[in-house]
Each structure stands twice: as structure tokens, then as C-alpha cells.
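**Student:** Just passing along the structure, written as C-alpha cells.
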Amino acid sequence: MALDFPASPLAPALRLLEEGRDREAEALLQTSQEGLPEAERLALLGFVEARKGNLRAYRALALEAARRAQTPLTLYHLGLALPPKVGALALEEALHRFQGDPKAEARLAFALARALRGLGRLREALGYAALALARGFGPFALLEWAWLALLAEEDPPLPDLLRQVELLALEGGTGLYARFLMAHLRFLQGEEASGRAYLRKALGEAPLPALPYLAPAGVRLLGKEVLPFLLAARPWAKEPLTQALLALAEGLYREDEEGVAKTLPLLLEEVAEEAMRGLLFLGRPHPLLGELSRRGQELLWAASPSAHFQALGEPRLGGKPLPLRQAELLVLLLARKEGWRGEELALALYGEANGPALRMEVLRLRQRGPAVKSRPYRLAQALQADFLEVWGALRQGDLSGALARYRGPLLPQSQAPGVEALRAELEEALRRAVLAQGEVKSLFLLAERLGEDLGVWEALLERLPSQDPRLPIAQARVERLRREWGL
0 MALDFPASPL APALRLLEEG RDREAEALLQ TSQEGLPEAE RLALLGFVEA RKGNLRAYRA
60 LALEAARRAQ TPLTLYHLGL ALPPKVGALA LEEALHRFQG DPKAEARLAF ALARALRGLG
120 RLREALGYAA LALARGFGPF ALLEWAWLAL LAEEDPPLPD LLRQVELLAL EGGTGLYARF
180 LMAHLRFLQG EEASGRAYLR KALGEAPLPA LPYLAPAGVR LLGKEVLPFL LAARPWAKEP
240 LTQALLALAE GLYREDEEGV AKTLPLLLEE VAEEAMRGLL FLGRPHPLLG ELSRRGQELL
300 WAASPSAHFQ ALGEPRLGGK PLPLRQAELL VLLLARKEGW RGEELALALY GEANGPALRM
360 EVLRLRQRGP AVKSRPYRLA QALQADFLEV WGALRQGDLS GALARYRGPL LPQSQAPGVE
420 ALRAELEEAL RRAVLAQGEV KSLFLLAERL GEDLGVWEAL LERLPSQDPR LPIAQARVER
480 LRREWGL
């Protein structure tokens, strides 16, 4: 992680951490120094613990640091130490708070990119990594942006990325992550022997607590050669997350579908890109796979793209981007299996009876793969779609399943009358079900998905215990929304 920071009593420790000299940094932070901010000292000591593999200590120290003082540095570490869902919300609020401070924005945007990547929201993460890079956060921001570009962009600039990352692979603090990236860049360019050499070097030089995190990628690129590294990682898989990562790697290595499947629930919550790797191995459709580009899928696991339609968030069909108008048409066709008369469908799509435009859009959609019949307009074959899965779970009374599948509003950019009505109906159904149930976990999930729904945030705030780390996040969000809406 980049630790670039203005001149302060913390600067020497930050520099040592950036260079990977953790023991020296820890000794310095444990030494009494005049003017050293106590809250920020605690946050950095927690970060040292994280590098040792002690995630619980990192979380405890980050929470205590943020309780003592909310600065860009303490909130940065709080956002990274908390589970990604909670951490992302904390970092979003921190960015609002320190808006206009370029150094704070750079630091917090980088951390938010990391948290969103943990949730599988790769395109949002890419935007924040680009912001951190533009604000001058340093080489780690470049590496984060480069990795996200490989996962999410259809045509990442491979030669430019190679040139920039290769230089960083020779340096100290950034070297491990840069060599990890170089392995994947070489792999994408067909230089598999070079890619394997880079990854073997990265695994051989990595701090031992990092091995469980690198193990799944090791299986992908090294195949059966990875076994010594898997064995070396076992003593360092002490936390539930590192145990799940190593179990995923060993399941992939043994081609054990049941073993891989057992790791998915935790990985989907904490390290979604590794959950995607498992899903690709299993051949299971999932909305998150729509976040991956074709190259991103190839990087994580060789698999055929799913025919799944993603309409919650950015529209994608079979893992590929789908133009908004075609996505709107597909949503409307899926929402009414019995079909539409032409005039009705045109009104739902355009707000007016525009038959020629509708026929042209149907033709374009057919060229994408879905077979569309006419008189009435309807789909010839069933198609899996994320928003239909949410509805299905709600109808079965499975609220937790519905929330797990609900990644955000239905085609949020759409102004098609029929889609706007479906979007509002789905949100209201979820909202009523969650408020009626009243459980904190469900309220938090929906608040996070809807983002700016004051009523849901207020209901969450009423039910959160006083010691819950999400309480200050909910308080800040409610205060901001009330202020913005003049309440």
C-alpha cells in the first residue's frame, strides 16, 4: 500500500513501511517521539500487524485510532481494516468530509479502490484508483490501477502497462506487487515461461504471511509446480480469510469442486476477485462475473463466458458490455414472458409509439444473441438475469438471498418509462421487506446498495448497538443526507 504523506513526525516510519522495512518502522513507532500523533501511530502499528498476518490486531488498532482522531490517515486504515462493505462506506464518507484536500483525496481514493475491489465492484474501483493516481498518490496507486485495468477493461494498454510496471518490479517496496503484475502481463501476451518466472520470483520473495493471498493465482499460472508454495502457505493460514484463500487454491489444485464451492460465501464478502476465480472454475453464472472483461476472465481462470444478463448496475450480456437501449429492451422482454404488442413495447421503451425505431432495436438485440420473436414481441428462450433472480428470491421469502443478488438499481442510467417503473417497483419491494424484517444485517446491506435512501439509513441507525463499528458511518450518512435535503 502506498504510504506517501506530507512531512511530519510520521514521515520516517511511513518511508520505512513503503520500502518494506517493517521491523525498523515498528521499532521507530514504538519509540517515544515528541510531536508524534498518537492516533496515527496506532493506525500504523496496526498496519504493521496486518503485514504480519494479524488482521484482528489491525482492525482493533484501526478502530481505536479512528476513535481518538479522524484524520485522512486513520480513516484510510479504518477503511482497509474493516470488512470491505463497511470499509467502503466509511471511506465514501471520509472522501465527502475531506473533499478539496488533494492529498487526503488521493489517500482515501486509493483505499476505496481496494475496498471496492474486495467487493467485486471493479469498474468503480478502477475509477477511484485513477483518481488516486491523478492526485499523485505514488507507485502503489499505479499498480492498483493497472491490476484493475487488466481485470475490468476490454482492451487495456498492455505495452504501456508493461513498460511502467517493469520499472517498479526492480524496486523494493513495490517490487512484490509489481512482479505479481508482470507475471500476469507476460501471461496475457503469450509469454507464459516469462510469466511463470516472474510469479516464482514473487512467491519466493514474498513475506510468508502473504503466501495464502498469492496461492490461488499461483495455481492459475504455475499449475502443478505450485505445490511447494501451497505447503509453505499452510502455517500462515490462521485467520478465516486466509484459510478460505488457501482452501480455494488447494481446491483448484486438486480440481475439487466441492472444496472450492465451500470457500465462496466468505470470499464473496471479502475478496470477490478470488470468488470470481472459483466461480469460473465451477462454471457457475453469477452477477459479479459481469464485472470482468474477457481478459480478466482469462487471467483468473480459463472459462467460457456465461450467458447471464446483468441489469443491476452496468448492463452486460455473457460478460460483455451491452448498450443501454438494448439492455432496456431485454429487461422489458424478460419482465413480461407472455410478450408485448408492438405499440405497448415502444411506449415502455421510448415513451411514444415509435415502431420503426423499435424494429431496428430488436434487430440489433438479435445480433447480440437473444432470439426475439414478434407478434407479440417475446424471447424465444429463457435467459438468466440478475434482477429476475432477486424477484424470485423475494417471492420465495428468501430476503437474504434477494439482498445477496441485489447489486444496485436496475439499469440506473435508464429513462425508459417501463424500466423506471420496474426499477421503482423492485426497490420498493426490497425496502418494504427489509423494513418489515428490521434486522441490522439486512438494513445495512440495503442501505449500502441504495446509497442515498434516508429512510433505510435512519432505520439502521435506530437499531445499531452503541459499540458497532458501523454506527459512526450510519450517523455520518444520515447527517449528510438530512443536511443535503434540508431536513
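Each residue of the sequence shown is one higher than the last, beginning at 0 in numbering that gives the first Met the number 0. Where a beta carbon is used, it is the ideal one built from N, C-alpha and C, also for glycine. These figures come from a predicted structure and were not determined experimentally.
Just to confirm before moving on: does the CB-CB distance between LEU184 and LEU160 stay below 8 Å?
**Tutor:** Yes, they are a contact pair.
**Student:** With DSSP collapsed to three states, give me the class of ALA1.
**Tutor:** Interpretation of ALA1 is limited by its pLDDT of 42, a score under 50 that renders its predicted location unreliable; no figure is taken from the coordinates.
**Student:** Looking at C-beta atoms only, is the number of pairs between the stretch 367-384 and the stretch 415-432 that lie closer than 8 Å three or more?
**Tutor:** No: fewer than three Cβ pairs fall under 8 Å.
**Student:** Indicate the three-state DSSP secondary structure (helix, strand or coil) for TYR212 in the structure shown.
**Tutor:** If DSSP states are grouped into helix, strand and coil, TYR212 belongs with the helices.
**Student:** Mapping the DSSP letters down to three states, classify LEU167 as helix, strand or coil.
**Tutor:** LEU167: helix per DSSP, three-state reduction.
**Student:** Does DSSP classify ALA432 as helix, strand or coil?
**Tutor:** Helix, per DSSP.
**Student:** Helix, strand or coil: how does DSSP classify TYR376 here?
**Tutor:** TYR376 falls in the strand class under three-state DSSP.
**Student:** Between ASP3 and the rest of its own chain, which residues show a CB-CB distance below 7 Å, the 5 nearest in sequence each way excluded?
**Tutor:** Because ASP3 sits at a pLDDT of 44, beneath the cut-off of 50, its placement in the model cannot be relied upon, and the following sentence gives the value as read from the coordinates. Result list for ASP3: PHE136 and GLY137, in chain order.
**Student:** Is there contact between the stretch 455-469 and the stretch 427-447, where contact requires at least three CB pairs shorter than 8 Å?
**Tutor:** Enough Cβ pairs lie closer than 8 Å, so yes.
**Student:** Look at the Cβ atom of PRO215, then the Cβ atom of TRP235, and state whether they are nearer than 8 Å.
**Tutor:** Contact flag unset, no.
**Student:** Would you call the stretch 465-481 and the stretch 79-92 in contact, with 3 or more CB pairs under 8 Å?
**Tutor:** These segments touch.
**Student:** Identify, in the order they occur along the chain, each residue of the same chain with its Cβ nearer than 7 Å to the Cβ of LEU344, setting aside the five sequence neighbours on each side.
**Tutor:** Cβ neighbours of LEU344 beyond the five flanking positions: LEU331, LEU357 and TYR376.
**Student:** For the alpha helix (DSSP H) containing LYS237, list its first residue and its last residue.
**Tutor:** Neither: LYS237 is in no alpha helix (DSSP H) and is coded neither H nor E.
**Student:** Determine the extent of the alpha helix (DSSP H) in which VAL439 is found, giving its start and end residues.
**Tutor:** 439-449 is the span of the alpha helix (DSSP H), which, as asked, contains VAL439.
**Student:** Using beta-carbon positions only, say whether ARG276 and LEU240 come within less than 8 Å of one another.
**Tutor:** Going by C-beta atoms, ARG276 is not nearer than 8 Å to LEU240.
**Student:** Taking all protein chains shown into account, do 16 or more other C-beta atoms lie within 10 angstroms of the C-beta of ALA370, making it buried, or fewer, making it exposed?
**Tutor:** By the 10 Å Cβ count, ALA370 comes out exposed.
**Student:** Exposed or buried, what is PRO408 when buried is set at 16 or more other beta-carbons lying within 10 Å of its beta-carbon?
**Tutor:** The residue is buried, with at least 16 neighbouring Cβ atoms inside 10 Å.
**Student:** Leaving out the 5 sequence neighbours to the left and right, which residues in its chain are closer than 7 Å to PRO5 when beta-carbon positions are compared?
**Tutor:** Caution is warranted here: a pLDDT of 47 is assigned to PRO5, below 50, making its placement in the model unreliable, and the coordinate value is therefore given only provisionally. Excluding positions up to five away in sequence, the list reads LYS102.
**Student:** Would a C-beta distance cut-off of 8 Å place GLU257 and LEU266 closer than the cut-off?
**Tutor:** Not closer than 8 Å, so no.
**Student:** Could you tell me how far apart the beta carbons of LEU115 and ALA87 are, in whole angstroms, since I believe they sit closer than 8 Å?
**Tutor:** About 6 Å separates the two Cβ atoms, so the contact holds.
**Student:** Would THR494 be called buried (16 or more neighbouring beta carbons within 10 Å of its own) or exposed?
**Tutor:** Missing from the structure shown is residue 494; the chain here goes from 0 to 486 and no further.
**Student:** On the DSSP letters alone, give me the boundaries of the alpha helix (DSSP H) that THR70 sits inside.
**Tutor:** Segment: none, THR70 is in no alpha helix (DSSP H) and carries neither H nor E.
**Student:** Residues in its own chain within less than 6 Å of GLY400 by CB, not counting five upstream and five downstream?
**Tutor:** Around GLY400: ALA392.
**Student:** Taking SER193 as part of the alpha helix (DSSP H), name the residues at either end of that continuous run.
**Tutor:** Run containing SER193: 191-204, per the alpha helix (DSSP H) assignment.
**Student:** Between the C-alpha atoms of GLU424 and GLN242, what's the straight-line distance to the nearest angstrom?
**Tutor:** The straight-line gap from Cα to Cα measures roughly 40 Å.
**Student:** Are at least three pairs of beta-carbons, each pair with one atom in the stretch 311-320 and one in the stretch 169-180, less than 8 Å apart?
**Tutor:** Segments in contact, no.
**Student:** Expressed to the nearest angstrom, what Euclidean distance is found between the alpha-carbon atoms of ALA231 and LEU221?
**Tutor:** Taking the straight line from one Cα to the other gives about 15 Å.
**Student:** Can you tell me whether GLN436 is buried or exposed? The criterion is at least 16 other CB atoms within 10 Å of its CB, across all chains shown.
**Tutor:** Classification for GLN436: exposed.
**Student:** Would you tell me roughly how many angstroms separate the C-alpha atoms of GLN383 and VAL218, rounded to the nearest one?
**Tutor:** Their Cα atoms are separated by approximately 30 Å.
**Student:** Mind checking whether PRO82 and GLU269 have CB atoms under 8 Å apart?
**Tutor:** Taking 8 Å as the Cβ cut-off, PRO82 and GLU269 qualify as a contacting pair.
**Student:** By a C-beta neighbour count over all protein chains shown, 10 Å radius and 16 as the cutoff for buried, is ALA26 buried or exposed?
**Tutor:** Looking at its Cβ environment, which holds fewer than 16 other Cβ atoms inside 10 Å, ALA26 is exposed.
**Student:** Which full runs of the alpha helix (DSSP H) of 4+ residues lie inside the stretch 73-157, going along the chain?
**Tutor:** Runs of the alpha helix (DSSP H) inside the stretch 73-157: 83-96, 101-118, 121-133 and 138-151.
**Student:** Skipping 5 residues on each side, what residues in its chain have a beta carbon closer than 7 Å to that of LEU434?
**Tutor:** Counting only Cβ-Cβ distances below 7 Å, and skipping sequence neighbours, we find ALA458.
**Student:** Do ALA105 and ARG134 have their beta-carbon atoms positioned less than 8 Å apart in this structure?
**Tutor:** Contact: yes.
**Student:** Could you pull the start and end residues of the alpha helix (DSSP H) that GLY400 belongs to?
**Tutor:** Looking at the DSSP string, the run of the alpha helix (DSSP H) that includes GLY400 is 398-404.
**Student:** Taking 8 Å as the threshold (C-beta atoms), are GLU290 and ALA145 in contact?
**Tutor:** No, these two residues do not count as a Cβ contact at 8 Å.
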